[in-house]
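Structure first, then comments.
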Amino acid sequence: MSVKIRLQRHGKKGKPFYWIVAADARSKRDGRFLEKLGTYNPNVNPASIDLDIDGAVKWLQNGAQPTDTAKAILSYKGAMLKNHLAGGVRKGALTEEQAEEKFQAWVSEKEGNVNAKKDALAKAEAAAKTKALEAEKEVNAKREAEAAAANAPEEAPEAEAATEEVTAEASNEEE
């Protein structure tokens, strides 16, 4: 039986959510699977991936072939690297401690990159909000100025009529 590590689609129309599973290659896309290895949600930025790395490595060592997308996800989370390092340990190129140390260094670097991306996205979103707020304030100020200009001509004849009455009364008093 050939085993594939692949994505199994869940979620609703237009909002996909995937399970990462080890399944028989002959089974349907969303059919029976041997083991659920994790989840993948592409609807958020950055995409959220929850993966059992040790389970994925176990299946890779037993000969499971990942699909292209699953391979990209496994590589992103470090399962492919851990499998590679485990192969080096089996061949005697390095010890288990060295392999674990290399993997942990890679994971911490990757977390730093992901956190930097999240911070950049949050900063860009905040900048967009402030820019939109400034534009809205500018539009509101323009509307207030137009409203004041529209009200000013209506008030001006009344004010002119009032000043004419005052000047007429003053000239009547002088006579």
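18 is the number of the first residue of the sequence shown in this note's numbering; add one for each residue after it.
Cβ atoms here follow ideal geometry from the backbone N, Cα and C, with glycine treated the same way.
Local Cβ density within 10 Å of residue i, reported as buried at 16 or more and exposed below that
i	result
R26	exposed
A166	exposed
K21	buried
V38	buried
L150	exposed
A6	The question about residue 6 has no answer, for the chain in this structure spans 18 to 192.
A122	exposed
Separation of residue j from residue i, as counted between CA atoms
i	j	result
K134	P63	8 angstroms
K146	D136	15 angstroms
P33	A144	29 angstroms
G48	K154	54 angstroms
E163	D85	59 angstroms
A158	V131	41 angstroms
K30	E128	31 angstroms
E114	L91	22 angstroms
E126	K45	37 angstroms
W36	G28	10 angstroms
K140	K148	12 angstroms
E142	N60	17 angstroms
Beta-carbon contacts of residue i that lie in its chain and below 6 angstroms, excluding the five residues immediately before and after
i	result
S19	A42
S65	N58
L77	N100
T156	Checking the sequence, you will find Val at residue 156 rather than Thr. No residues qualify anywhere along the chain.
A116	L102 and V106
Nonlocal neighbours in the same chain, by C-beta distance under 7 angstroms from residue i, ignoring five residues either side
i	result
L111	G105
E161	none
Cβ shell of residue i (< 8 angstroms), same chain only, five flanking positions each side left out
i	result
N79	V20
Beta carbon of residue i nearer than 8 angstroms to that of residue j
i	j	result
N100	V74	yes
L51	A40	yes
K88	L102	no
**Asked** Can you find at least 3 beta carbon pairs, one from the segment 45-56 and one from the segment 106-114, that sit closer than 8 angstroms?
**Response** no
**Asked** Does the segment 63-77 come close enough to the segment 94-104 to have 3 or more Cβ pairs within less than 8 angstroms?
**Response** yes
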